[in-house]
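Take a look at the structure below.
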Amino acid sequence: YLNDWWASELKNRYDIPCYLEVEFETHFEKFFMPTIRGSEKGSKKRYAGMVRNSGGKSQLIFKGLESVRSDWSPLAREFQIELYRRVFTDEPHLTYIRETAERLLEGKLDEKLSLRRRLRRKLNDYTKNVPPHVRAARLADTERLKRGLKPTYEHGGWIEYQMTLNGPEPLPYVNSAIDYDFYMDRQLAPIADAILGLQGNSLALLMDKQIGLFD
74 YLNDWWASEL
84 KNRYDIPCYL
94 EVEFETHFEK
104 FFMPTIRGSE
114 KGSKKRYAGM
124 VRNSGGKSQL
134 IFKGLESVRS
144 DWSPLAREFQ
154 IELYRRVFTD
164 EPHLTYIRET
174 AERLLEGKLD
184 EKLSLRRRLR
194 RKLNDYTKNV
204 PPHVRAARLA
214 DTERLKRGLK
224 PTYEHGGWIE
234 YQMTLNGPEP
244 LPYVNSAIDY
254 DFYMDRQLAP
264 IADAILGLQG
274 NSLALLMDKQ
284 IGLFD
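Take any residue in the sequence shown, note its place counting from 1, add 73, and you have its number in the working numbering.
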């Protein structure tokens with residue numbers, strides 16, 4: 074339809090032929106491109122949208138966002154998918170955001186807080202600016218040696234860990250209390266604020282308002 078209209082406009086207005094054709098891969102019924110953190114601009118590599126599949130059902134598509142990245146927790150990925158589904162289908166979402174944050178702080182979502190990262194080098198090759206997943210891998214191998222087991226990560230591989238009040242600790246050797254502030258600030262807030270920011274709101278403000286109800 075668009076190509077026919079464009080050709081007709083050029084012919085009728087300027088009496089010239091049209092050699093241009095507009096092509097597209099996906100037609101989104103709903104589309105959202107979050108801004109890059111710390112910027113007012115978005116990125117064509119990061120977006121979410123709703124399309125209608127061949128069966129006539131609505132389907133969410135994510136590109137470059139947290140829900141499709143393995144280095145984000147299952148909680149963050151599930152949270153983003155459900156939040157965007159609610160926004161795209163015009164369902165209430167503020168209560169969902171608040172209740173998810175509350176359940177996190179109450180320790181009801183601990184099984185969804187694992188982080189998974191790949192060790193791309195040998196452990197001994199990490200000398201400066203040691204990232205959390207490397208620290209977790211070193212702790213894991215230390216724990217295995219204590220139990221008479223062979224190290225697992227000295228040559229690389231995938232490591233799963235949780236962030237605790239004592240830093241990153243590997244699964245299944247988590248001994249410290251979970252750092253819920255980390256998951257609030259680094260996992261839920263970036264996802265929620267991408268939506269809430271458009272409404273002049275934020276996860277922090279939303280939780281403050283909830284606390285204020287009981288003051």
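Quick reminder that beta carbons are idealized off the backbone N, C-alpha and C, glycines included.
Keep in mind it's a predicted model, so treat the numbers as computed, not measured.
- Chain-order list of residues whose beta-carbon lies under 8 Å from that of Ser-146 (same chain, five-residue window excluded): Walking along the sequence shown from the start, residue 146 turns up at place 73. These residues qualify, in order along the chain: Lys-185, Leu-186, Ser-187, Leu-188, Tyr-256 and Gln-260.
Roughly how far, in whole angstroms, is the beta-carbon of Leu-182 from the beta-carbon of Leu-138, given that I think they are within contact range, below 8 Å?
-> In the sequence shown, counting from the first residue as 1, residue 182 sits at position 109. In the sequence shown, counting from the first residue as 1, residue 138 sits at position 65. Not quite, the Cβ-Cβ distance comes to about 20 Å (not below 8 Å), so this is no contact.
Ignore the nearest five residues each way along the sequence and tell me which others in Ala-262's own chain have a CB closer than 8 Å to its CB. For the purposes of this step, residue 262 is identified with residue 189 of the sequence shown, where counting begins at 1. Cβ neighbours of Ala-262 beyond the five flanking positions: Ser-275, Leu-276 and Ala-277.
| task | Return the CA-CA distance between Asp-198 and Glu-242, expressed in angstroms with no decimal places. | result | Within the sequence shown, residue 198 is the residue found at index 125, counting from 1. Within the sequence shown, residue 242 is the residue found at index 169, counting from 1. Rounded to whole angstroms, Asp-198 to Glu-242 spans 20 Å at the Cα level.
Compare the beta carbon distance of Ile-232 and Leu-271 with 8 Å and say whether it is the shorter of the two. In the sequence shown, counting from the first residue as 1, residue 232 sits at position 159. In the sequence shown, counting from the first residue as 1, residue 271 sits at position 198. No, Cβ-Cβ distance for Ile-232 and Leu-271 is not below 8 Å.
With distances taken between CB atoms, is the gap from Leu-177 to Tyr-253 smaller than 8 Å?
Translated into the one-based positions of the sequence shown, residue 177 becomes position 104. Translated into the one-based positions of the sequence shown, residue 253 becomes position 180. For Leu-177 and Tyr-253, yes; Cβs fall inside 8 Å.
If we count the other Cβ atoms within 10 Å of its Cβ and call it buried at 16 or more, is Leu-212 buried or exposed? Indexing the sequence shown from 1 puts residue 212 at position 139. So Leu-212 counts as buried.
Cβ-based burial, His-206 [other Cβ within 10 Å; buried from 16]
Translated into positions along the sequence shown, residue 206 becomes position 133. Label assigned to His-206: buried.
For Val-247, does the three-state DSSP call read helix, strand or coil? In the sequence shown, residue 247 corresponds to position 174, counting from 1. In the three-state reduction of the DSSP assignment, Val-247 falls in the coil class, being assigned neither a helical nor a strand state.
TODO: Decide if Pro-90 is buried, meaning its Cβ has at least 16 other Cβ atoms within 10 Å, or exposed.
DONE: Position 17 of the sequence shown, counted from the first residue, corresponds to residue 90. By the neighbour-count rule (16 or more Cβ atoms within 10 Å), Pro-90 is not buried but exposed.
Check for me: the alpha helix (DSSP H) holding Phe-101 runs from which residue to which?
Translated into positions along the sequence shown, residue 101 becomes position 28. No alpha helix (DSSP H) contains Phe-101, which DSSP labels as neither H nor E.
Leaving out the 5 sequence neighbours to the left and right, which residues in its chain are closer than 8 Å to Lys-223 when beta-carbon positions are compared? Position 150 of the sequence shown, counting from 1, holds the residue named residue 223. Cβ neighbours of Lys-223 beyond the five flanking positions: Arg-217.
Quickly, what does DSSP pair Ile-134 with across the bridge? List them, please. Residue mapping note: residue 134 aligns to position 61 of the sequence shown, counting from 1. In DSSP, Ile-134 forms a bridge with Gly-122.
Self-check item: Through-space distance from Thr-162 to His-100, alpha-carbon basis
Solution: Taking the sequence shown and counting its residues from 1, the one referred to as residue 100 is at position 27. Taking the sequence shown and counting its residues from 1, the one referred to as residue 162 is at position 89. Taking the straight line joining both Cα atoms gives about 16 Å.
Q: Take Gly-239 and list the residues in its own chain whose beta-carbon comes closer than 6 Å to its own, dropping the five residues that flank it on each side.
A: Start at 1 with the first residue of the sequence shown, and residue 239 comes out as number 166. The question names Gly, but residue 239 in the sequence shown is Asn. Around Asn-239: Ser-249.
Quiz item: Between the Cα of Gly-229 and the Cα atoms of Pro-165, Lys-195 and Arg-125, which residue gives the shortest distance?
Solution: Counted from its first residue, the sequence shown places residue 229 at position 156. Selected option, being the one with the closest Cα: Lys-195.
- Query: Taking the runs of the alpha helix (DSSP H) that are 4 residues or longer, which of them lie wholly in the segment 193 to 276?
  - Reply: Taking only runs of at least 4 residues, the alpha helix (DSSP H) segments lying wholly in the segment 193 to 276 are 205 to 219, 253 to 256 and 262 to 269.
Let's see if you can read the secondary structure: which residues bound the alpha helix (DSSP H) around Ile-89?
Indexing the sequence shown from 1 puts residue 89 at position 16. Where Ile-89 is concerned, there is no enclosing alpha helix (DSSP H), given that its DSSP letter is neither H nor E.
Quiz item: Hey, Phe-105 and Ala-121: beta-carbon distance below 8 Å or not?
Solution: Taking the first residue of the sequence shown as 1, we reach residue 105 at position 32. Taking the first residue of the sequence shown as 1, we reach residue 121 at position 48. Contact: yes.
Checklist line | Between the CA atoms of Glu-179 and Asp-288 - distance to the nearest angstrom | finding: Numbered from its first residue, the sequence shown carries residue 288 at position 215. Numbered from its first residue, the sequence shown carries residue 179 at position 106. Bear in mind that the predicted position of Asp-288 carries a pLDDT of just 39, short of 50, making it unreliable; the figure below should be weighed with that in mind. In a straight line, the C-alpha of Asp-288 is about 19 Å away from that of Glu-179.
task = Please work out which residues of its chain come closer than 6 Å, Cβ to Cβ, to Leu-269, disregarding the five sequence neighbours upstream and downstream, and give them in chain order.
result = Walking along the sequence shown from the start, residue 269 turns up at place 196. Excluding residues up to 5 positions away in sequence, Ser-275 lie with their Cβ nearer than 6 Å to the Cβ of Leu-269 in the same chain.
Check for me: the alpha helix (DSSP H) holding Leu-156 runs from which residue to which? Taking the sequence shown and counting its residues from 1, the one referred to as residue 156 is at position 83. Here the alpha helix (DSSP H) through Leu-156 covers 147 to 161.
Exercise for the section: Just grab the DSSP bridge partners of Leu-182 for me. Expected result: As a working note, residue 182 is residue 109 in the sequence shown. Beta-bridge pairing links Leu-182 to no other residue.
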